[in-house]
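Participant: Just so you know, we're using the working numbering here: the sequence shown kicks off at 542 and counts up by one.
Built from N, CA and C at the ideal position, the CB exists for glycine as well.
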Amino acid sequence: MTQVSVPVLDFGGQTAQLLVRRVRELGVYSELLPHDASEADVRRLNPQGIILSGGPASVYEPDAPQMPSWLLSANLPVLGVCYGMQLQSYALGGQVAPPAEREFGPAT
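1) Excluding five sequence neighbours on each side, which residues of the same chain lie with their C-beta closer than 7 angstroms to the C-beta of V600?
2) With 16 other CB atoms within 10 Å as the buried threshold, where does I591 fall?
3) Identify the continuous alpha helix (DSSP H) that holds V619 and give its terminal residues.
4) Counting C-beta neighbours from all protein chains within 10 Å, is the total for A581 16 or more, i.e. buried, or is it exposed?
5) In this structure, does DSSP put S546 in helix, strand or coil?
6) State the Cα-Cα distance for the pair V547 and S571, rounded to the nearest angstrom.
7) Taking only the alpha-carbon atoms, compute the straight-line gap between L574 and A641 and give it to the nearest angstrom.
8) Using 8 angstroms for Cβ pairs, my map puts A557 next to V564. What's the rounded Cβ distance?
9) For L613, tell me which candidate among V622, L586, G634, D604 has the shortest Cα-Cα distance.
10) Give, in chain order, every unbroken run of the beta strand (DSSP E) that is at least 3 residues long and sits entirely within the region 583-644.
Next comes the structure, spelled out in structure tokens:
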């Protein structure tokens, strides 16, 4: 039987490694991959879902990391955390409003 996983795509957030650890603590293999990992690199892990980490960027910044183009048609569940959720919403035509004050601090 092939091992399944829930990889985390790293968008620069301080909690990316914590997300991987928490998934592993639940008995599911997880690996931290760069946000621009190829579909082949992700698929080799036999993912049952993907987590998009948070990060300090804004979806409205011209040089902000983007969600991989293949992900919308990958037929996999996707959990976005902070910036990862903003990316999903933005990629699907939603609007993301900037907060009055940024929330980016130490991960515990």
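Facilitator: This is what the structure gives:
1) For the purposes of this step, residue 600 is taken as the residue at position 59 of the sequence shown. These residues qualify, in order along the chain: Q627, L628, Y631, V637.
2) Taking the sequence shown and counting its residues from 1, the one referred to as residue 591 is at position 50. I591 should be labelled buried.
3) On the sequence shown, position 78 is the one that residue 619 refers to. No alpha helix (DSSP H) contains V619, which is instead part of the beta strand (DSSP E) from 619-621.
4) For the purposes of this step, residue 581 is identified with residue 40 of the sequence shown, where counting begins at 1. Classification of A581: exposed, given that the 10 Å Cβ count is below 16.
5) As a first step, residue 546 must be located in the sequence shown, where it is residue number 5. Reduced to three states, the DSSP call for S546 is strand.
6) Here the question's residue 547 lines up with position 6 in the sequence shown. Here the question's residue 571 lines up with position 30 in the sequence shown. Each residue's Cα considered, the two are about 5 angstroms apart.
7) Start at 1 with the first residue of the sequence shown, and residue 574 comes out as number 33. Start at 1 with the first residue of the sequence shown, and residue 641 comes out as number 100. Roughly 31 angstroms separates the two Cα atoms.
8) For the purposes of this step, residue 557 is taken as residue 16 along the sequence shown, with counting starting at 1. For the purposes of this step, residue 564 is taken as residue 23 along the sequence shown, with counting starting at 1. With a Cβ gap of about 11 angstroms, A557 and V564 do not count as contacting.
9) Position 72 of the sequence shown, counted from the first residue, corresponds to residue 613. The candidate whose alpha carbon is nearest that of L613 is G634.
10) 591-593, 619-621
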